[in-house]
Every structure is written in structure tokens, then in C-alpha cells.
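When you line the sequence shown up against full-length UniProt numbering, it's residues 1 to 188, in that order. Glycine included, C-beta positions come from ideal geometry on N, C-alpha and C. Before any comments, here is the structure.
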Amino acid sequence: MLGRMFRRKQPEADMARALYDRVVEQARAPVFYRDLGVPDTLDGRFDAIVLHATLVIRRLQRAANPLAERGQALFDTLVDDMDRSLREMGAGDLGVAPRVKRMAQGFYGRFDAYGRALDGEGDLCDALARNLYGTVATPDPRALELMAAYVRREAERLDSMPDDAFQGTAQVFGDPPAVGAEVGGAVD
Numbered sequence: 001m002l003g004r005m006f007r008r009k010q011p012e013a014d015m016a017r018a019l020y021d022r023v024v025e026q027a028r029a030p031v032f033y034r035d036l037g038v039p040d041t042l043d044g045r046f047d048a049i050v051l052h053a054t055l056v057i058r059r060l061q062r063a064a065n066p067l068a069e070r071g072q073a074l075f076d077t078l079v080d081d082m083d084r085s086l087r088e089m090g091a092g093d094l095g096v097a098p099r100v101k102r103m104a105q106g107f108y109g110r111f112d113a114y115g116r117a118l119d120g121e122g123d124l125c126d127a128l129a130r131n132l133y134g135t136v137a138t139p140d141p142r143a144l145e146l147m148a149a150y151v152r153r154e155a156e157r158l159d160s161m162p163d164d165a166f167q168g169t170a171q172v173f174g175d176p177p178a179v180g181a182e183v184g185g186a187v188d
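As C-alpha cells, this is what we get:
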């Protein structure tokens, strides 16, 4: 009986992992770091992953079950990956749990800030400045505007996708923002 329970959950975990791989792939696009000033640090990369995971989870939560449950599975996959990454970087067993807990709390705060901003209850540029660019003394205002336009575009794009597009293997994001030689370029 236990074997059957775990087998039923495995396809969902596999789909969540495949979705998470799409999130990480998008979050690692060089344009974010090279052209839009997202810090190319552990914190900056974590925040880029959180931003993209937020967009997908937000969309999944708006769907009917069981797709809405995939959002939780995607979050669980993110937390598991953070745990694994910390261990690979040499964090001791006693130090991992508190760090993962802080990261999960950080995720929820960012999820709330981005969600409220996308729902018109806050300023998306402010949310991005506090979170994605949180370690940058003064983020470039044009980069913030371009990133906010990209986030809005992707949120709308994800909202318009049919539920079956979130099976895990499909490409869920559009192209990263295309920025000219200077930050003054435009988002596609």
C-alpha cells in the first residue's frame, strides 16, 4: 500500500521538477545579470529563481486541482534544491535547516510582494528593487523599468496559457528581455 502511495506522487514530483528546471533555466539567462544589473551572486541568483518560480506558482494557484497542487510541488522542489545546494556548498547539517527556513520565509515575502504588485496593489519596480536588486545600493531605474515590463509580460503570458501547458516539459517562459548595448534598450 505504501508503495502505491509513493508511486502516485512520483509523476507529480517529476512534473514539478521539470517545471523547476524551466524556472532555473530562465532565471539563469545571462541578460538578467549582464545587461539588467541583477547581482551575479548567490543572493541574486536565488532571487531570480524566486521571481520566476513566483510567476509560475501564481499561475498554477489560479487553476483547478490537481494543477493548483503542482504549485506546492514546485515550491517543495525549490526548497529541496536550496537544501541540496547548501549542503553541496559545505553547510553543516545543523546549519542547513535554519537557512532553508529563512529562504522559505524570504520566498513567501517575495511571493506576496510580487503578487500584490502584479494585482495592482503595489509598485512592481519597488518590489523588484527591494528583492531582486536588494543587494544593489542604487539599482538603475531603466533596468528596473525593463525588468518590471518583462515580469508583467510573463505574468500575462502565463495567465493566458492553457492548463495543459504546465505538464513540466513544455517551455513556459517567453524569451528573456532583449536589451540593446545599453540598458536603454527595449523589452520585446
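Query: C-alpha distance - residue 185 paired with residue 179, whole-angstrom precision; Result: No answer about residue 185 holds up, because its pLDDT of 42 lies below 50 and its placement is not dependable.
Query: Buried versus exposed, by CB contacts within 10 Å (16 or more), residue 154; Result: buried
Query: Cβ-Cβ distance between residue 47 and residue 109 below 8 Å; Result: no
Query: Rounded straight-line distance, which links the Cα of residue 14 to that of residue 105; Result: 25 Å
Query: Residue 22, buried or exposed, once every other Cβ within 10 Å from all chains shown has been counted against 16; Result: buried
Query: Extent of the continuous alpha helix (DSSP H) run through residue 147; Result: 141 to 160
Query: Residue 148, buried or exposed, once every other Cβ within 10 Å from all chains shown has been counted against 16; Result: buried
Query: Between the CA atoms of residue 83 and residue 103 - distance to the nearest angstrom; Result: 10 Å
Query: Length of the line joining the Cα atoms of residue 11 and residue 152; Result: 31 Å
Query: Separation of residue 165 from residue 28, as counted between CA atoms; Result: 21 Å
Query: Rounded straight-line distance, which links the Cα of residue 44 to that of residue 145; Result: 18 Å
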